[in-house]
Each structure stands twice: as C-alpha cells, then as structure tokens.
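Counted from 1, the sequence shown has number 199 at position 200 by numbering that gives the first Met the number 0; the numbering is strictly sequential. Note that beta-carbon positions come from the ideal geometry of N, C-alpha and C, so glycine has one too. What you are looking at is a predicted structure, and each value in this text was computed from that prediction instead of being measured. Worksheet: one structure, shown below.
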Amino acid sequence: MPVMNLTKEKLVSLWRMRKTIFNNPDNSAICHRFDFIKKTFEDIMFHEVVYKDGAVFMDDEQILMDDGSAPSLHYFGCKKDEMTSPFAFDGIRKMEKSFPKFKDLITEIGSMLGGFDKNGTMKGEYRIISNKITDSNDSGTLISEGQVRHPSSHFADNNYFFNVVDTVKSISLDSFDPENSRLVLRWPSTNYYRYSPEKVDEQAIPFQRKALIGRFPYKFFYMWTHAKDVIHPVSLMAYRNLVQQKDSLIKYAPDNNMGQDYSDFIKIDDGWNNYSQAIANLIPEKERGKNFMEELSRLLSVVMTLEQDVRDYSELLETGNKALILWGPPGTGKTYAAKELIQKTLGIKQEEMSDYLFDNGKKDDKGKWTIVQFHPSYSYEDFIGGISPRLEGNSLSYFLKEGVFKRFCDYAAEKGNEEKKFVFVIDEINRADLSSVLGELMYALEYRGEEIRLSNFKDPFKIPGNVYLIGTMNSVDKSLATFDLALRRRFAFFKVMPNMKALETILAKYNIKEDNLQDFIDRCERLNRDIIDPQKQFRLSEDYQIGHAYFAKIKDFLIFEEEADECNSEETQSIRIINSYGLEKLWLYHLLPLLEEYLGSRIEDAEIQQLLKNEEYIFTGI
0 MPVMNLTKEK LVSLWRMRKT IFNNPDNSAI CHRFDFIKKT FEDIMFHEVV
50 YKDGAVFMDD EQILMDDGSA PSLHYFGCKK DEMTSPFAFD GIRKMEKSFP
100 KFKDLITEIG SMLGGFDKNG TMKGEYRIIS NKITDSNDSG TLISEGQVRH
150 PSSHFADNNY FFNVVDTVKS ISLDSFDPEN SRLVLRWPST NYYRYSPEKV
200 DEQAIPFQRK ALIGRFPYKF FYMWTHAKDV IHPVSLMAYR NLVQQKDSLI
250 KYAPDNNMGQ DYSDFIKIDD GWNNYSQAIA NLIPEKERGK NFMEELSRLL
300 SVVMTLEQDV RDYSELLETG NKALILWGPP GTGKTYAAKE LIQKTLGIKQ
350 EEMSDYLFDN GKKDDKGKWT IVQFHPSYSY EDFIGGISPR LEGNSLSYFL
400 KEGVFKRFCD YAAEKGNEEK KFVFVIDEIN RADLSSVLGE LMYALEYRGE
450 EIRLSNFKDP FKIPGNVYLI GTMNSVDKSL ATFDLALRRR FAFFKVMPNM
500 KALETILAKY NIKEDNLQDF IDRCERLNRD IIDPQKQFRL SEDYQIGHAY
550 FAKIKDFLIF EEEADECNSE ETQSIRIINS YGLEKLWLYH LLPLLEEYLG
600 SRIEDAEIQQ LLKNEEYIFT GI
C-alpha cells in the first residue's frame, strides 16, 4: 500500500478520533510498543555511564563481567554477520549472563532495538532498524525498513549495552559527538572483507561513524531523548513514511534510503525541533492538551507504521460528502469493515453496538447507527417515504409513510444531537435501482445541510452534517453497471481486497498447529495468484480473487491432532490441524462453486475443466 498522503485535514481528523484509534484492538501492538519504548528510555535516562582509566562505571560503581574482567572499550569489529532473526535474541541472553545485575535493563534495550517480544521472537513490523546492503560504498547501509535484519545479532559484542546508555545520555544533554562515539554500527557488507582480516576494523570504523551521524541510532535516540519537544514515532519506519509521502506536510529533501538525511537539519538552527513544531502547529492550539506531543507521536506511530484502513477511512469523517463505498470481491469482510467503522466513528466497543442501534437501542449519547440491505424490489417509499397501502380488515387504505433514511436524518437533526454522529449503512447498495430509490437525495448528498423538498411531504428535508453514509457492494456483481457516474462522484470508494493477515487472525483462536496454519495460508495465496495469472487461462481479474471469509470456512473441517506417544495433556489434545480431507471439503463445498459461478459458460471448456482439476490437486494435495 502506498504511503498515506497526510494532508492537514486528514491529520486534524485523525487527531480528533485519536482515542478511538488508540483503543482499536488492531492497533494495540503498536500502542504497546510505544509505551514499552517510552518506559525503556525513562529507565535508560535514570542511569549514568562514565568511562575512566580503561574502566566502565555505572551509577558510580565499576562494572565487571561475570568472570571478573572489565568490558572492552573498543569499537565494534566488522564481523561477518550471518545471524538471522531466529538467533538474534541470543546476543541479548549472552549479555544478560555477563552482566546479571542489569539483566532487566539489558532485556529492555535489546528488545527495544530489535522489536522482540517476551519470548525472543522478532516482530519485523515493529523493529527499529534493520541491516540491508544497498551497494558497496553506501555509508548508510543501515536503513530503517523494519523488515530485513536485526541491528546487531551479536548484541553482546564488546560493551554495546553501556554504549547505548552513554549515547542516550549524551544526546539528551546535547553533548553527543558522533565522531568520537563509542557506539559504532555493525557493517554487514561483504565488500569490507576483501582485505586481510587484521585491517577490517580500520576500513569499517570510518564508515560506521558516518552512518551513525545520519542514521540509527542518532535520529531515533534524539527523538526519544527530546520527547517533550520533538515528535518521536515508535520506529524510524514511521518517521520515514511521514517524510517520504507524496506532497508531505513538511518536506526537507529526503534521501533515497531513509527518507531524511541528518545534514538537512544541521543547516538550520534547532532543525529537529522546527520540523516537529511545524507538524504540531497543524493541530489547532485550543485542541492541544498536557501530553500533546506524546499523543501526536503515538498517533503518527500508528497511522504511519501500519497499513490499516483507518488512514483511508479518515476522509469519511470530516471531509467530502461523508459518503463511502466499501467494494471488492465477495468474502473480503466489507460488511464487517463497515461495522468496525461504525465503532470507530461513534467511539464505541463491539459489545455496545446493540445499545446504539437506531429504533431499538438503549443509548444515544454518542449517536446512532443502523443498517439496511438493498434488493431489486427496494423502493423510494421504503427509503425516503411516500404513499403506502395498508390493509385494515377487508378494506384497503393509504397513508403517508416515512422511510427509514428520512426518519434517521430527522432524528440526527433534532436539537441536542448536533455534536453526535449517526452512521447509516447500506449493504449491497448496488442491488437496487439507485436513481429511483434515492430520488432527490442525489442533490442532498452533493450539498450537505441544504434543505430540499420531498414529494408528498410538507416540511423541508436535509441530510445533516453529522450523518455518515456507508455502502457495501461486490465488485463482481453484474448490477454494478447501475451505479452511474452521477452517483459515483457523490461517494468515495475504498477497495477491500482479500487479506491473509485477517484470515490468520480469524483462525488463530482455533489453536491450529502453527506450521499447518501457515501451509494453509500459503495454499490460499497461491490459489488467488493462479486465478489472476494470465498464463493460467482463467482470464479473470483481481476482482475475482477469493475473499478470506471463504477460506475461513476451513474452521468447520478442523480435526484434533493425534496425541503424540502417550501424552494426555490438555494442551496436546486441544491442538487442531487442517488435513487433506478438510481441504477437499472446503474446495468442493465453497471454493469450486464460487469459481464455477465466476467462469459461467466457460466452465464447459475442456481446458477450464483441466485447470480446475489442477488447482484442486494443488490446493488439497489429493
């Protein structure tokens, strides 16, 4: 997903809904990561490191390793680093053993830098930096993509831990000298091994020092040690995404790798503060609170790190026509996404949804929501209102009926509801004759707040500014053609595609064996790739990919793993697996019928039949 273009309007909208964003379970990992790093920096700032006469003192006490020797004061050597994520935590464990007195702080610092969880598993999406070779002479080879490798797999080399503490303290006091810093970055490029081993350090250290000035850890450490004055995202990846966006809010000539070179800031007085303040100034002063910079930093951490829908949905909240269409292949969770958006907009939890339902809900302090489903016989009278027949005994009478949308808007416009939000969801919006059902609303959607006259109703009608309209529709539905251009320009469109991370989340609660679950997800991804592969002759577009909700039906065909040996533990008994028989049932009952519908009359072609048989074998293994 491209980096979000964070306009001033979007930033203000996101700021106003920040509590909802922070409380969203989908964002909890980043928020927890932010809190963890904040605590770690507070702990680091509590300590004082002094280098004196070849010894290291921490909090006025000389630091010795577990064998009684003093830690080395040398810079890192340029060892060839082949350690990958499964082993990257080993260096931290080694450091803990060497300096048991500072075990907890060592774990905190190592986890902060590497993005580990408590089990030592690296979480690439939350990592601070990574090692990546770009070319043979790139002094900034350590770039912040948060995806490739750990900053120093050999965490225990020399006195890395104490160097971090010392560097953070010096940066906080504005006394940091990168040219003489004891914190030197590991250099992963094999180009520095072409000479004799004894010359490796001499070659590497100048480049490492140079990298330190413009890359990790200086930028990250600076932001967090000056947290009250400077925006401090949870990772440099979030910062990179902020400055690399197209037509960004505040732009200082980004470099090719990181997104911002330190040299841009040393040319201007107090550059980092100026940059952060320029972004902060976009938020109206009256809306800032006591912890303003921290809250803004947390918000930018979430929206600029995660590829999440809230960034795109934000336009719905305060800008445009406040009308959004969620569209895409069947089974991609569009209705579910609409309900999530209701929760975000109203600021309510899932379990509170029924309390705020229009007509039969118990609460309205935050607003109301409702959902209707369109179908071919749905009419203007159902939606807006009009003359409707009513059978009373044996006689037929007519009365003026108010449609659900009119009643909803009238309620939202009542005195006392101005600050509340009202969300109206239309499921399968393109299945009705929209021009007929909407009628005069075509004008009202375009000109919010303006009164219009409705047929059969005496009082004027308007769509209040606090009403939000969300529609859902399948991109492969043939009735899509009824959604004409006049209607399309009145709605924003957000495409919801199959999401394998969502599938993994759905299936996680069923305690499926880890490698077995990953194998299943790989099969699902392969099937969707084959559907759109022009070489496969299906000749289907991306709109015909199978949504993750269809794949999630595998939950109905899970079996318990056979107990290993004679182990009768509850844990072993609860583990479930996906076997070939379950895959076959999923294919026959759910996936094949959907593909046959997509292919239509082409299903009779011998070539298509063979393709389906091949896909069945690939997917099921049978």
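Go to residue i, then tell me how far its alpha helix (DSSP H) extends in each direction, as first and last residue.
i	result
L112	102–113
P592	591–598
L182	First-last for L182: undefined, no H or E at that position.
F35	27–45
F618	605–619
G490	According to the sequence provided, residue 490 is Phe. The question's Gly does not apply to it. It is not in any alpha helix (DSSP H) - F490 carries neither H nor E in the DSSP assignment.
Y446	Element bounds for Y446: n/a, residue is neither H nor E.
H225	Taken as a continuous stretch (DSSP letters only), H225 belongs to no alpha helix (DSSP H), as it is neither H nor E.
V436	433–437
S169	159–171
T19	17–22
V403	403–411
Y549	547–550
Out of the options, which has the shortest C-alpha to C-alpha gap to residue i?
i	options	result
T39	L13, Q61, F220	F220
A548	E439, S234, K333, P177	K333
A551	E339, L433, W586	W586
G288	G346, R15, H589	R15
F35	T106, R430, P463, R525	T106
P463	E445, S454, D476	E445
V627	K419, A69, M57	The requested residue 627 is not part of the displayed model; the chain covers only 0 to 621.
N429	F160, A69, L325	L325
F404	H374, P592, I370	I370
Q517	I383, I577, P459, D432	I577
I574	G415, E401, D514, F88	D514
F398	G392, F407, G385	G385
Y335	F115, M496, F88	M496
I545	T344, L590, I520	L590
T344	L5, N23, E178	N23
I451	D426, L112, C408	C408
G581	E615, S353, T166	E615
Y217	S434, V233, V466, L182	L182
M44	G392, W223, S396	W223
D173	H225, N162, N179, P375	H225
E606	E595, I553, I531, F537	F537
For residue i, which of helix, strand or coil comes out of DSSP?
i	result
S12	helix
E60	strand
K521	Strictly speaking, residue 521 in this sequence is Asp, with Lys absent from that position. If DSSP states are grouped into helix, strand and coil, D521 belongs with the helices.
N416	coil
N465	coil
R601	helix
A69	coil
R193	Residue confidence for R193 is low, a pLDDT of 41 falling below 50, so the modelled location carries little weight; the figure read from the coordinates is stated next. Coil, per DSSP.
G581	helix
D137	Low per-residue confidence applies at D137: pLDDT is 35, beneath 50, and the placement is therefore not dependable, though the value from the model is reported in the following sentence. It is coil, neither helix nor strand.
E306	With a pLDDT of only 49 at E306, under the threshold of 50, the placement of this residue in the model should not be trusted; the figure read from the coordinates follows. Residue state, collapsed to three classes: coil.
I282	coil
R452	coil
F98	coil
N473	strand
F88	coil
V301	helix
Terminal residues of the continuous beta strand (DSSP E) containing residue i?
i	result
V48	48–51
T334	Unbroken run through T334 is the alpha helix (DSSP H), 333–345; no beta strand (DSSP E).
V233	Counting along the chain, V233 falls outside any beta strand (DSSP E), and DSSP gives it neither H nor E.
L325	322–327
List the whole-angstrom C-beta distance separating residue i from residue j, where the pair is believed to meet the contact cut-off of C-beta under 8 Å.
i	j	result
K227	E47	No, K227 and E47 are not in contact; Cβ-Cβ is about 20 Å, not under 8 Å.
A337	R489	About 18 Å; that fails the 8 Å criterion.
G366	Y355	7 Å
S300	I29	6 Å
L340	I383	Wrong, their Cβ atoms sit about 24 Å apart, outside the cutoff.
S474	P328	6 Å
G470	K461	Their Cβ separation, rounded to whole angstroms, is 20 Å, which puts G470 and K461 out of contact at 8 Å.
K658	F556	This structure leaves residue 658 out entirely; the chain is present only between 0 and 621.
I520	L539	Actually they do not touch by this definition, with Cβ atoms about 21 Å apart.
K694	D363	Look at the range of the chain in this structure, 0 to 621, and you will see that residue 694 is not part of it.
K7	L281	5 Å
Are there any heavy atoms of the ligand MG lying less than 6 Å away from the beta-carbon of residue i, as far as the coordinates show?
i	result
L468	Ligands are entirely absent from the displayed structure, and the ligand MG is therefore not among its contents.
Which full runs of the beta strand (DSSP E) of 3+ residues lie inside the segment 337–400, going along the chain?
Here the runs fully enclosed are 366–372, 384–391.
Unbroken stretches of the alpha helix (DSSP H), 4 residues or longer, contained in the segment 499–543:
DSSP runs (the alpha helix (DSSP H)) wholly in the segment 499–543: 499–507, 513–531.
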